[in-house]
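Everything below concerns the one structure shown next.
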Amino acid sequence: MSWTRKDLLAMRDLDAAEITLLIDTAASLQEIASREIKKVPALRGKTIVNLFYEASTRTRTSFEIAGKWLSADVINFSSSGSSTSKGESFVDTAKNIAAMSPDVVVVRHSSSGAAELLARELACGVVNAGDGAHEHPTQALLDLLTIREKKGHLEGLNVAIVGDIAHSRVARSNIHGMRKLGMTVTVAGPPTLIPPFVQELGVKVAYRLEDAIRDVDVIMMLRLQHERMMAAGLIPSLREYARYWGLTLDRLQAHARPDVLIMHPGPVNRGIELSPEVADGPYSLILDQVAKGVAVRMGVLFLLAGSKAGESA
Amino acid sequence: MSDAARLREKAQVLDEAALDRALTRIAHEILERNGGAKDLAFVGLRTRGVTLAQRLAAAIARIDGTTLPVGALDITLYRDDLGMRGVPVVRGTEIPFSIKGKAVILVDDVLFTGRTIRAALDAIIDLGRPQSVQLAILIDRGHRELPIRPDYIGKNLPTSRRETVAVRLKEHDGEDRVVIEEPTESEGAQT
């Protein structure tokens, strides 16, 4: 199995073998983080552009560190975004960047499909670092790697994804990835935040937190973008959301298995979707996820930038 | 690797007993040259170099009673031909001990152009400063493209470039044997 794609845009596009190759590559690259000299020459002379139209700490930083550890030159480009009229300026920017002949462009944008548009415009590799409510494939890959390291395998595991399923690119990417690897996924949240026909993705739906977390191996809590939710009238109040959907230690101990793992893509709203005792507790994998993020992004950059000559041959 | 199916065996170079004798001799040479097993460490190149390193360590344990550490090195990230023929699979480096101040015995199955060893030396140096690096090779088949020479050799084997040397080990291939392979006629004619 070798990597043949120019871009990494969506978990939905990948087959199980490709996902496994990405996870295996990331797993092999992890040891670089524990070295005294955290640098290998694999991508020497390659240029990676981080093109971020949306705020991000973890993702942008981890792509930057990943590129630097692989000896690539990493350039960060961020745009305030709000003042620019999206469509035109985005393609324009893309063309300007293409003129500087980068090897990989990492893009985050608030519009779904932005990465795909860029991939069509640019000859270089494009990595989707989150596009609107569509996909965030590297987050799903790092979640899968984190789970695999803790559980030893992925196939057959049961996962609950809880919160705002409708607007979550993390949920969408994870659902596609987990289903392809033979995992069982239950999504749960208030009915206003569960997209209609979500069952067609092959997931089960629960409308009570207690039902969702019973007997699962992993609980993935999503960030509630509360500013947006309240304005759109999707939830009545934060307090009500926290009461019904917040994961507290009491609830966890009453309904979940003792060996359950808790994940969250960050940033955590403490006291809303996760109580602090749970976020910082022994079940929590939140910081493992961040650490795996660098390894996963190294793997993705290595496979995309390393395969450039392969596609012309 | 994919054209392995189109190769056929030309001659056997080492059988199980000969392979074992070669490794035992190398183990003795390592001890002789280093005046014992003090501060030695093995680093095998993935995949078969690691297995050979483990066997050399076992041989030294039998002779000297010292258990030496064995690490595994993956040189994918240090290759000079990245992108020339697709992306190779990264299998990971596992060296769970410090190489600082150690005499590191680098172990691989076949020495050919020397490019793998060049990459391995870079990879080793990135992990720390060993006191020395020595190279142990089961088969030296010639055709060097870089100024690299082994310190310990199982067998010198003159080959032509179109031949392949296959080191088969029980752990991976179910048998201990070294053979020379050559392309079948149809394949050989066009190269």
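Quick note, the sequences are listed as chains A and B, same order.
First residue of the first sequence: 70, per the numbering used here; consecutive thereafter.
First residue of the second sequence: 119, per the numbering used here; consecutive thereafter.
Where a beta carbon is used, it is the ideal one built from N, C-alpha and C, also for glycine.
Check: Are ARG104 of chain A and LEU245 of chain B closer than 8 Å when you measure CB to CB?
Finding: Locating residue 104 of chain A in the first sequence gives position 35, counting from the first residue. Locating residue 245 of chain B in the second sequence gives position 127, counting from the first residue. Contact flag set, yes.
Checklist line | Residue of A:MET80, A:SER97, A:PRO206, A:GLU224 minimising C-alpha distance to THR405 of chain A | finding: Because chain A in this structure spans residues 70 to 382, residue 405 of chain A falls outside the shown range and cannot be described.
Notebook entry, point to check: Given a threshold of 16 other Cβ atoms within 10 Å of its Cβ, counted over all protein chains shown, does ILE106 of chain A qualify as buried or as exposed?
Noted result: What you label residue 106 of chain A is simply residue 37 of the first sequence in a count that begins at 1. Its Cβ having fewer than 16 others within 10 Å, ILE106 of chain A is exposed.
Check: Which of the three DSSP states, helix, strand or coil, is assigned to LYS273 of chain B?
Finding: Position 155 of the second sequence, counting from 1, holds the residue named residue 273 of chain B. It is a strand residue.
Item checked: Completely contained alpha helix (DSSP H) runs for the segment 309–357 of chain A, where each covers 4 or more residues -> 318–324, 345–348
Margin query: From the DSSP secondary-structure annotation, give me the bridge partner or partners of HIS178 of chain A.
Written below: To locate residue 178 of chain A, count along the first sequence from 1; it is residue 109. Beta-bridge pairing links HIS178 of chain A to A:ASP200.
Notebook entry, point to check: If you measure from the beta carbon of PHE371 of chain A to each beta carbon in chain B, is any gap under 8 Å?
Noted result: Position 302 of the first sequence, counted from the start, is the residue given in the question as residue 371 of chain A. At least one chain B Cβ lies under 8 Å of PHE371 of chain A.
Notebook entry, point to check: Of the choices A:ILE282, A:ARG238, A:PHE266, A:SER242, whose alpha-carbon is the least far from that of THR255 of chain A?
Noted result: As a first step, residue 255 of chain A is located in the first sequence; it is residue number 186 there, counting from the start. Nearest C-alpha to THR255 of chain A: A:ILE282.
Margin query: Within 10 Å of its beta-carbon, does PHE266 of chain A have 16 or more other beta-carbons around it, so buried, or fewer, so exposed?
Written below: Here the question's residue 266 of chain A lines up with position 197 in the first sequence. Label assigned to PHE266 of chain A: exposed.
Notebook entry, point to check: Interface residues of chain A around VAL168 of chain B at Cβ under 9 Å?
Noted result: One-based indexing of the second sequence puts residue 168 of chain B at position 50. Ordered by position in chain A, no residue passes the 9 Å Cβ test against VAL168 of chain B, which lies about 14 Å from the chain.
Next item on the list: Confirm, please, whether the CB-CB distance from PRO268 of chain B to ASP258 of chain B is below 8 Å.
Entry: Residue mapping note: residue 258 of chain B aligns to position 140 of the second sequence, counting from 1. Residue mapping note: residue 268 of chain B aligns to position 150 of the second sequence, counting from 1. In this structure, PRO268 of chain B lies closer than 8 Å to ASP258 of chain B by Cβ.
Next item on the list: Give every residue of the same chain whose Cβ lies closer than 7 Å to the Cβ of ILE144 of chain B, excluding the five residues on either side of it in the sequence, and list them in chain order.
Entry: One-based indexing of the second sequence puts residue 144 of chain B at position 26. These residues qualify, in order along the chain: LEU174, ALA254, TYR270, GLY272.
Margin query: Could you tell me which whole alpha helix (DSSP H) segments of length 4 or greater appear in the segment 253–309 of chain A?
Written below: 278–282, 295–300
Margin query: What does DSSP give as the partner residue(s) for LEU194 of chain A in the beta ladder?
Written below: The sequence position of residue 194 of chain A within the first sequence is 125, counting from 1. The sequence given here places Gly at residue 194 of chain A; Leu does not occur at that position. Per DSSP, A:VAL173.
Notebook entry, point to check: Buried or exposed: which applies to THR94 of chain A, given that a residue is buried once 16 or more other Cβ atoms fall within 10 Å of its Cβ?
Noted result: Working through the first sequence from its first residue, we reach residue 94 of chain A at position 25. It is buried - the Cβ of THR94 of chain A has at least 16 other Cβ atoms within 10 Å.
Next item on the list: Could you name the residues of the same chain whose beta carbon sits closer than 6 Å to that of ALA209 of chain A, not counting the 5 residues immediately before and after it, in chain order?
Entry: Counted from its first residue, the first sequence places residue 209 of chain A at position 140. Correct list, in chain order: MET80, SER242, ASN243, GLY246.
Checklist line | Residue burial classification, SER71 of chain A (beta-carbon count within 10 angstroms, cutoff 16) | finding: Here residue 71 of chain A refers to the residue found at position 2 of the first sequence. Per the 10 Å Cβ criterion, exposed.
Item checked: Whole runs of the alpha helix (DSSP H) within the segment 166–194 of chain B, excluding any shorter than 4 residues -> 166–182
Next item on the list: Report the residues of the segment 190–211 of chain B with a CB closer than 9 Å to any CB of chain A, ordered along the chain.
Entry: ASP192, THR194, LEU195, TYR196, ARG197, LEU200, GLY201, MET202, ARG203, GLY204, VAL205, PRO206, VAL207, VAL208, ARG209, GLY210, THR211
Checklist line | Short CB-CB distance (under 8 Å) between ARG217 of chain A and chain B | finding: As a position in the first sequence, residue 217 of chain A is number 148, starting the count at 1. Chain B contact via Cβ: absent.
Notebook entry, point to check: So, is the C-beta of HIS290 of chain B closer than 8 Å to a C-beta in chain A?
Noted result: Taking the first residue of the second sequence as 1, we reach residue 290 of chain B at position 172. No, HIS290 of chain B lies away from the interface with chain A (no Cβ there is under 8 Å from its Cβ).
Margin query: Give me, in chain order, the residues of the same chain whose beta-carbon lies closer than 6 Å to that of ARG168 of chain B; leave out the 5 immediate sequence neighbours on both sides.
Written below: As a first step, residue 168 of chain B is located in the second sequence; it is residue number 50 there, counting from the start. A small correction: the amino acid at residue 168 of chain B is Val; Arg does not occupy that position in the sequence shown. So the list reads GLY162, ALA190, once near-sequence residues are dropped.
Notebook entry, point to check: Can MET289 of chain A and VAL196 of chain A be called in contact, C-beta distance under 8 Å?
Noted result: The residue labelled residue 289 of chain A in the question sits at position 220 within the first sequence. The residue labelled residue 196 of chain A in the question sits at position 127 within the first sequence. Contact: no.
Next item on the list: Compare the C-alpha of ILE234 of chain A against each of A:THR116, A:GLY368, A:HIS203 and name the closest.
Entry: Taking the first residue of the first sequence as position 1, residue 234 of chain A is located at position 165. Taking only the C-alpha atoms, the option nearest ILE234 of chain A is A:HIS203.
Check: In whole angstroms, what separates the C-alpha of VAL287 of chain A from that of ASP212 of chain A?
Finding: Numbered from 1 along the first sequence, position 218 holds the residue referred to as residue 287 of chain A. Numbered from 1 along the first sequence, position 143 holds the residue referred to as residue 212 of chain A. If you take the alpha carbons of VAL287 of chain A and ASP212 of chain A, they lie about 10 Å apart.
Notebook entry, point to check: For PHE160 of chain B and chain A, any beta-carbon pair shorter than 8 Å?
Noted result: Taking the first residue of the second sequence as 1, we reach residue 160 of chain B at position 42. Output row for PHE160 of chain B: interface = no.
Note to self: Quick check: what's the CA-CA separation for ARG312 of chain A versus GLY251 of chain A?
What the structure shows: The residue you call residue 312 of chain A lines up with position 243 of the first sequence. The residue you call residue 251 of chain A lines up with position 182 of the first sequence. Near 32 Å, if we compare the C-alpha coordinates of GLY251 of chain A and ARG312 of chain A.
Item checked: Close Cβ partners of LEU149 of chain B (< 8 Å) along its chain, the five nearest in sequence each way excluded -> As a working note, residue 149 of chain B is residue 31 in the second sequence. Hits under 8 Å: ALA155, ILE178, ILE181, ASP182.
Next item on the list: Consider the Cβ of GLY246 of chain B: report whether some Cβ of chain A lies at a distance smaller than 8 Å.
Entry: Numbered from its first residue, the second sequence carries residue 246 of chain B at position 128. True, the Cβ-Cβ gap to chain A drops below 8 Å.
Check: Given a threshold of 16 other Cβ atoms within 10 Å of its Cβ, counted over all protein chains shown, does ASP319 of chain A qualify as buried or as exposed?
Finding: Here residue 319 of chain A corresponds to residue number 250 of the first sequence, with the count starting at 1. Counting Cβ neighbours within 10 Å, ASP319 of chain A comes out exposed, since fewer than 16 surround it.
Note to self: With a threshold of 8 Å, are at least 3 pairs of Cβ atoms found where one atom belongs to the segment 83–92 of chain A and the other to the segment 105–119 of chain A?
What the structure shows: no
Checklist line | Beta-carbon contacts of ARG339 of chain A that lie in its chain and below 8 Å, excluding the five residues immediately before and after | finding: Numbered from its first residue, the first sequence carries residue 339 of chain A at position 270. Excluding residues within five positions, the ones whose Cβ falls inside 8 Å are PRO345, ALA348.
Next item on the list: Please list the partners that ALA111 of chain A has in chain B, where partner means a Cβ-to-Cβ separation under 7 Å.
Entry: Taking the first sequence and counting its residues from 1, one reaches residue 111 of chain A at position 42. Here the neighbours are LEU195, LEU200.
Checklist line | Neighbourhood of ASN152 of chain B by C-beta, 7 Å cutoff - its chain only, sequence neighbours within 5 removed | finding: As a first step, residue 152 of chain B is located in the second sequence; it is residue number 34 there, counting from the start. Within the same chain, ASN152 of chain B has close Cβ partners LEU158, ALA221.
Next item on the list: With a cut-off of 8 Å on the beta carbons, I'd call GLU123 of chain A and GLY199 of chain A a contact; round off their distance for me.
Entry: Position 54 of the first sequence, counted from the start, is the residue given in the question as residue 123 of chain A. Position 130 of the first sequence, counted from the start, is the residue given in the question as residue 199 of chain A. With 8 Å as the limit, GLU123 of chain A and GLY199 of chain A qualify as a contact, their Cβ atoms being about 7 Å apart.
Next item on the list: Name, please, each residue of chain B whose Cβ falls closer than 7 Å to the Cβ of GLY375 of chain A.
Entry: Reading the first sequence from its first residue, position 306 is the one you call residue 375 of chain A. The answer, in chain order, is LEU200, GLY201, VAL205.
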